[in-house]
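Asks:
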Amino acid sequence: MAELTPDIIQADYLASAVRQDQYPAIDWPEIAFVGRSNVGKSSLINSLCRRNGLARTSGTPGKTQTLNFYRALVRLNPEDDRRELCLVDLPGYGYARAGQASKKQWGKFIEEYLKKSTRLKLVFQLIDIRHPPMDSDIASYSWLVAHGLPVQIVATKADKLSRSQMQKHLSQICDSLGAAPADIIAHSSLSGAGKAELLKLVIEVAKE
């Protein structure tokens, strides 16, 4: 019989919220996904959970305007010990179809969640590997670090670059953010590159 491997073995949508009183009544550790609109947050969640369509992707930047909570059931080890955690997909920063007023409103409830959630254990900040980090990427990373939040940078869409291009662009991201190479993982939802490393981090959070 094949040995069971640590993995996310089930995932479901829980709730959408813009206020604390709308958050699901759970006591599981949380991992938040932040990044610019259309950077691939939903695709990453679907890839980790092996469930297409769990988190809805959109070609329209700024369409997601709520915090979306997903339950993930994690198998911790070959003995099949299991634990639940929550994946939280945050609205994309840097874009708002309704203009500056919406940006400020969205920023307010996003910051409220990031600063006040007592269950938040890790933040995946996604950056498109094909382009240099934008001002909003740099500002968001600095804000997360300044507030003492543990951040793992995820360079998305890694399948779009050659190996040599990838290393150059990863170095550029590190230099722009002032981050160490160990703080960044290149990922592709198409090829699966980087998925194992990210799942390892998810499983470690589930053990807490």
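The sequence shown: position 170 = 170 (full-length UniProt numbering), numbered continuously. For each residue, glycine too, the CB sits at the ideal point set by N, CA and C.
Nearest CA to the CA of residue 6: which residue from 52, 208 and 203?
Replies: Locating residue 6 in the sequence shown gives position 6, counting from the first residue. Considering only alpha carbons, the answer is 203.
Asks: Closest to residue 86 by C-alpha separation, out of 80, 117 and 77, would be which residue?
Replies: As a working mapping, residue 86 is identified with position 86 in the sequence shown. Here the closest residue by C-alpha is 117.
Asks: When every heavy atom of the ligand NAD is checked, does at least one fall within less than 6 angstroms of the C-beta of residue 37?
Replies: With respect to the ligand NAD, the structure offers nothing, as it holds no ligand at all.
Asks: Do the CB positions of residue 150 and residue 122 come within less than 7 angstroms of each other?
Replies: Taking the sequence shown and counting its residues from 1, one reaches residue 150 at position 150. Taking the sequence shown and counting its residues from 1, one reaches residue 122 at position 122. Yes.
Asks: Between residue 43 and residue 189, is the Cβ-Cβ spacing less than 7 angstroms?
Replies: Along the sequence shown, one-based indexing puts residue 43 at 43. Along the sequence shown, one-based indexing puts residue 189 at 189. Going by C-beta atoms, residue 43 is nearer than 7 angstroms to residue 189.
Asks: Can you list, in chain order, the residues of its chain with a C-beta nearer than 6 angstroms to that of residue 52? Leave out the 5 residues immediately preceding and following it.
Replies: As a position in the sequence shown, residue 52 is number 52, starting the count at 1. Hits under 6 angstroms: 46.
Asks: I'd like the span of the alpha helix (DSSP H) that includes residue 39, first residue to last.
Replies: As a working mapping, residue 39 is identified with position 39 in the sequence shown. Segment: none, residue 39 is in no alpha helix (DSSP H) and carries neither H nor E.
Asks: Alpha carbon to alpha carbon, how far is residue 82 from residue 88?
Replies: As a first step, residue 82 is located in the sequence shown; it is residue number 82 there, counting from the start. As a first step, residue 88 is located in the sequence shown; it is residue number 88 there, counting from the start. The alpha-carbon atoms of residue 82 and residue 88 are separated by roughly 20 angstroms.
Asks: Assuming residue 197 and residue 184 form a contact by the criterion Cβ under 8 angstroms, report the distance between their Cβ atoms to the nearest whole angstrom.
Replies: Counting from one through the sequence shown, the residue named residue 197 turns up at place 197. Counting from one through the sequence shown, the residue named residue 184 turns up at place 184. Not really, about 10 angstroms apart at Cβ, beyond 8 angstroms.
Asks: Expressed to the nearest angstrom, what Euclidean distance is found between the alpha-carbon atoms of residue 32 and residue 164?
Replies: Taking the sequence shown and counting its residues from 1, one reaches residue 32 at position 32. Taking the sequence shown and counting its residues from 1, one reaches residue 164 at position 164. Those two C-alpha atoms are separated by around 30 angstroms.
Asks: Is DSSP giving residue 65 helix, strand or coil here?
Replies: The residue given as residue 65 occupies position 65 in the sequence shown. Here residue 65 sits in coil by DSSP.
Asks: Does the region 73-80 come within contact of the region 13-29, defined as at least 3 CB pairs closer than 8 angstroms?
Replies: Verdict: no, contact absent.
Asks: From the DSSP output, in three-state form, read off residue 8 for me.
Replies: For the purposes of this step, residue 8 is taken as residue 8 along the sequence shown, with counting starting at 1. Residue state, collapsed to three classes: strand.
Asks: Compute the beta-carbon to beta-carbon distance between residue 130 and residue 187, rounded to the nearest angstrom, for a pair I have assumed lies under 8 angstroms.
Replies: Within the sequence shown, residue 130 is the residue found at index 130, counting from 1. Within the sequence shown, residue 187 is the residue found at index 187, counting from 1. In fact, because the Cβ distance is near 13 angstroms, the residues do not count as touching under 8 angstroms.
Asks: Determine the direct distance from the alpha carbon of residue 108 to that of residue 193, and round the result to whole angstroms.
Replies: Here residue 193 refers to the residue found at position 193 of the sequence shown. Here residue 108 refers to the residue found at position 108 of the sequence shown. Computed Cα separation, rounded: 34 angstroms.
Asks: So the beta strand (DSSP E) residue 165 belongs to, where does it begin and stop?
Replies: Position 165 of the sequence shown, counted from the start, is the residue given in the question as residue 165. Run containing residue 165: none in the beta strand (DSSP E); it sits in the alpha helix (DSSP H), 163-177.
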